[in-house]
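See below for the structure under consideration.
2 protein chains.
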Amino acid sequence: MTAARRFWGWGNEGAGPNAEQQRGIARTISERFSTHEGLRPEPRIEDVDLPTPRVTLPAALADFSRADPLSRAGHTYGKSYRDVIRALRGDFAAAPDFVAWPRDEEEVATVLDWCGSHAIAAIPYGGGSSVVGGVEGRREGPGALGDGYTGTISLDTSRLDQVLEIDRTSRAARIQAGIFGPALENQLRPHGLTLRHFPQSFEFSTLGGWIATRSGGHYATLYTHIDDFVENLRVITPTGVCQSRRLPGSGAGPSPDRLFIGSEGTLGVITEAWMRLQDRPRFRGSATVTFDGKDGFARGAEAARHLAQSALYPANCRLLDPGEAAFSGAGDGTSAVLVLGFESASHPQEEAIQHAVECCQDHGGTASTPRIQQADDRSTPARDDAAGAWRNAFLRMPYARDVLARMAMISETFETACTWDRLAEFERAVRHAALDAAKRIGETATVTCRLTHVYPDGAAPYFTVMTPSRRGSELEQWDEIKAAVSEAILTHGGTITHHHAVGRDHRPGYDAQRPEPFARGLSAIKAELDPHGILNPGVLIDAPETL
Amino acid sequence: MTAARRFWGWGNEGAGPNAEQQRGIARTISERFSTHEGLRPEPRIEDVDLPTPRVTLPAALADFSRADPLSRAGHTYGKSYRDVIRALRGDFAAAPDFVAWPRDEEEVATVLDWCGSHAIAAIPYGGGSSVVGGVEGRREGPGALGDGYTGTISLDTSRLDQVLEIDRTSRAARIQAGIFGPALENQLRPHGLTLRHFPQSFEFSTLGGWIATRSGGHYATLYTHIDDFVENLRVITPTGVCQSRRLPGSGAGPSPDRLFIGSEGTLGVITEAWMRLQDRPRFRGSATVTFDGKDGFARGAEAARHLAQSALYPANCRLLDPGEAAFSGAGDGTSAVLVLGFESASHPQEEAIQHAVECCQDHGGTASTPRIQQADDRSTPARDDAAGAWRNAFLRMPYARDVLARMAMISETFETACTWDRLAEFERAVRHAALDAAKRIGETATVTCRLTHVYPDGAAPYFTVMTPSRRGSELEQWDEIKAAVSEAILTHGGTITHHHAVGRDHRPGYDAQRPEPFARGLSAIKAELDPHGILNPGVLIDAPETL
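Sequences listed follow chains P and W, in order.
FYI, in this note's numbering the residues of the first sequence are -3 to 543.
FYI, in this note's numbering the residues of the second sequence are -3 to 543.
See the structure below:
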């Protein structure tokens, strides 16, 4: 199950930087930010004080559930900065009373039935990688559970972990929702297929979690969100199974799938999906373009916009500002860097990367010589260039973030999207909001920005904020920065989340953003499908005041 | 307003085949099908017997409403075969009591308020081109209005017809929903922009209608449905204005827009949308590929599948079976024909069409020499090839259909979609279902098929059925064929509609297809947003039994 996973932070026990590397990170950061908080040791499960369960494990669920400390502590939070800080403090007040690992749909239904008859909140849990409080039985604040529940359980889908059926002709597969990214790709690889959806959490998140949260993958254009890969869905709601028809396209009323995609466990438990797959790419073309000078990021953004509007559909089109580029080793800190990549299973990408590079040169960029990989070139292309450096840093990031959390450094990311016409002002406003909030706290911050996804009509800017904090005040300081940034995002026409989802942390922004009639409609569906209000209460919709 | 429109059939008065051409069509068809029903004259509004209005025009709406016979008759039906036959018979029993043409959102809200307080059914009407009974106040049968309404009005949005704002940087425009296709493109053209969404009904349908019905455009791959072009929506519901945020992408809960896209006027009246636009194409590449022999269509479909899975994204990839090819003049009736086209605003399409042609040759196709249009070639490419022949026939089709209806020939199309693994059996089953139904009636039928859209995971087959009927029995015979085809579509894993929408005609199939919990959810939203049940009752959801 999750034996090897860290109960308090990112990833697996023993993975990430070793003790010496941790000290190195701490030293570098201490010097750079003049902070003197030492590196707090990793917490141990033996020292964790869990609340006494309010319900005992019922016989009907005993076969596939556990109430041991490691299971409960490991399912208390997701993996946000707030979560790690609370775990480091030993605060596990929100721990579920037990964790259920249903082995099939019948057991999922049994859990929901039991919860419905006992006023127990059921929190669906895939990989637990939420960074927005999506899997937490929070007792107060935004998205809190109501007082009416007699208990809270975590419904872990990770035993539903198989690729059940592959349709090679249509390039699709029927897949259980609890499967993790690497297992999914491993089961598809022998067939020459890939889902080609790689969120940063890939290793520690599940297909069902991706669908429930409208996950964003690594690729920068065309099919960015998981939404477009869903061919059909099977969802266990408290009032029945909802299975849509497997179709390549349809015009029959509002899409049933689009209602459950992004429903974040509030309407049902996603158990299976037919997913659209792709052939494994064989042709590649890549290049790195630097944009110098004070307006480097702005010119890079213009180039990215033209590329996004060109119908060339680069797989990668990621613009790093000078700070991001330096941090990840993709640049020297003086220039913005655009990481460009094309890939295809069927035809050479030489012409595409050449067009893209010319477009960037038209905007004053300096391009590396494109690297071309043809079908007959069986060697894995070396990853020693800027793209490779960036990718490695990207995957290491969450582990490093936990080291920073242990020394009371706030290191947080804010992701959003806005249309191109607003982008320049938007980026300035969000940057200033974060810097100002840090200054009010009395600290110096660095704010860096990258564009993670580019669309014909806009981009997804992703901000990283780093600022020292004082041990014991991290959450309040984080909250202040988060509130300031969220306000700037909404005021300047962004979305409160491009791909991290809403959860509980984004509730205030989400409530402000969504149209009021839609909110009422969503509550009406929730009441119909989940009449006892047991599913992930507080997420997207307020928990009922009385049950 | 709609003065020049035919009240009983397709298009404008005086447009379509002239009297001599009509007689020519009739002669050809009579010989081919050995039918002897003469060509009934076009009906005249003076001869139409409309039911006495049940409500009189209220003062609050008088400024922008009319109850004259032409307005009422012209808003009684959509443009399906059933609709034309009933109009030819002078059956206007379902006529609305009056037609309102609100000039702004306030007047839309006034209409809805008035309907809510008087138990009047309000049927939103864009261009009125529905071929599924979507704009009809039907009294009995599937999708019928309940008995509880004291009257029915048609809410015509055609005065909301302006492009209000253009954002050239993000390539998007804020557009009123009542605008017709040609006016929309005319207002965008000076900016070098296009929505590039061309359903067959383009000339006589509106943006709001496209969005409400999940319209499918002319282009065969990538962005086929209007869904993907919607950046945000503004909808007047009976309980408030629902406006979503203008965003290039978002992961904030289930998409609000996707709830209203395809809602077919049951949840609110769409008044505005920010739509994603494209630069006008300057580079083109096209070719026609024939696939000979008995398995020509099957091999053509395999070629189309490989193209759809190649990420080349042809603008046109339309496979005609030998009968379709002959009918439209694109072939001689012995071969299947694949019409291929690429276009781009930014880069030459020579390589793309070359790859596509090679792929077709690998599947045994014989390709014409590709026609290439480069940016500096300002001449409009000639349309004298198979693609051009097909396109002209495509646009003339609905006019010709009305001539056939006047001679009691059934000429109907059935559109659907299914995954590639099912396609061959699916196509056979639907063909046989139509032929068998015609045989039961005692008539010979021709059934032809084309693939209108191709997806990586499936295709959209479009069937045309022609069979003589007996005057007076057309509707019963049509119903029998429609029921047989619909059953075959659902049994063999298709969708009851790929882009014609559900309306009232597709209700039985839609009810069988949609997941039951989703149906309950949709009814719950409807009750919340439209508590008096006035909006397009019977479409998607049963009208309430009591109001």
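By construction, the Cβ of each residue, glycine as well, lies at the ideal position given by its N, Cα and C atoms.
In this text, all values refer to a predicted model and were calculated from it rather than measured experimentally.
Contact annotation: the stretch 317 to 332 of chain W does not touch the stretch 253 to 266 of chain W, with fewer than three C-beta pairs closer than 8 angstroms. Counting along the chain, W:Y77 sits inside no beta strand (DSSP E); it lies in the alpha helix (DSSP H) bounded by residues 77 to 84. Taking C-beta separations shorter than 6 angstroms and ignoring five residues to either side along the sequence, the partners of P:A434 in its chain run A441, T463, following chain order. Relative to the Cα of P:T460, the nearest Cα in the group P:G289, P:L471, P:V481 belongs to P:V481. Look at the stretch 434 to 451 of chain P: the residues with a C-beta under 8 angstroms from a C-beta of chain W are H449, Y451.
Non-local C-beta neighbours of W:R301 in its own chain, meaning closer than 6 angstroms and more than five positions away in sequence, comprise W416, ordered along the chain. CA-to-CA, the gap between W:M271 and P:A140 works out to about 37 angstroms. Of the other Cβ atoms in all chains shown, fewer than 16 fall within 10 Å of the Cβ of W:E421; this residue is therefore exposed.
Apart from the 5 residues on each side of it in sequence, W:A371 sits with its Cβ closer than 7 angstroms to the Cβ of R278, F279 in its chain, given in chain order.
Annotated as proximal: P:D453 and W:E227, with beta-carbon spacing under 8 angstroms.
Comparing C-alpha distances from P:E512 to each of W:T235, W:S246, W:L273 shows the shortest one belongs to W:T235.
Along the stretch 342 to 359 of chain W, going in chain order, the ones with a CB nearer than 7 angstroms to a CB of chain P are S342, H343, E347, H351. A distance of 8 angstroms or more separates the beta carbons of P:L518 and P:I492.
At least one C-beta of chain W is nearer than 8 angstroms to the C-beta of P:H221. Nearest neighbour of P:L336 by Cα position, chosen from P:P120, P:G438, P:A216, turns out to be P:A216. For P:P464, DSSP records a beta bridge to P:M405.
Secondary structure of P:D163 (DSSP, three-state): strand. When DSSP states are grouped into helix, strand and coil, W:S282 belongs to the strand group. DSSP places W:W6 outside both helix and strand once states are collapsed to three, so it counts as coil. Counting only Cβ-Cβ distances below 7 angstroms, W:W416 has contacts in chain P at T165, S166, in chain order.
For P:H449, the enclosing beta strand (DSSP E) begins and ends at 442 to 451. Relative to P:L57, the option among P:P49, P:G258, P:A96, P:L46 whose CA is nearest is P:A96.
In this structure, the alpha-carbon of P:Q196 lies about 40 angstroms from that of W:V159. One Cα belongs to W:T365, the other to W:Q350, and the distance between them is close to 10 angstroms. In this structure, the beta-carbon distance from P:A173 to P:L203 falls below 8 angstroms. Of all residues in the stretch 217 to 244 of chain W, only T220, H221, E227, T233, T235, G236, C238, Q239, S240, R241, R242, L243, P244 place a beta-carbon less than 7 angstroms from a beta-carbon of chain P. Rounded to whole angstroms, the separation of the alpha carbons of W:V285 and W:H359 is 11 angstroms. Of all alpha-carbon atoms in W:G144, W:G258, W:A117, W:R82, the one lying nearest the alpha-carbon of W:A404 is that of W:R82. W:C414 has W:A455 as its beta-bridge partners, per DSSP.
Sequence-distant partners of W:G292 (beyond 5 residues in either direction) whose C-beta falls short of 6 angstroms from its own C-beta, in its chain, are S331, A332. With contacts defined as CB atoms closer than 8 angstroms, W:E524 and W:G142 fail to qualify as a contacting pair. P:E512 has a beta carbon lying within less than 8 angstroms of a beta carbon in chain W. Not a single CB atom of chain P sits nearer than 8 angstroms to the CB of W:A363.
Interface flag for P:A523 against chain W is set, since a Cβ pair is found closer than 8 angstroms. P:S340 belongs to the set of residues whose beta carbon lies under 8 angstroms from a beta carbon in chain W. At least one CB atom of chain W sits nearer than 8 angstroms to the CB of P:S246.
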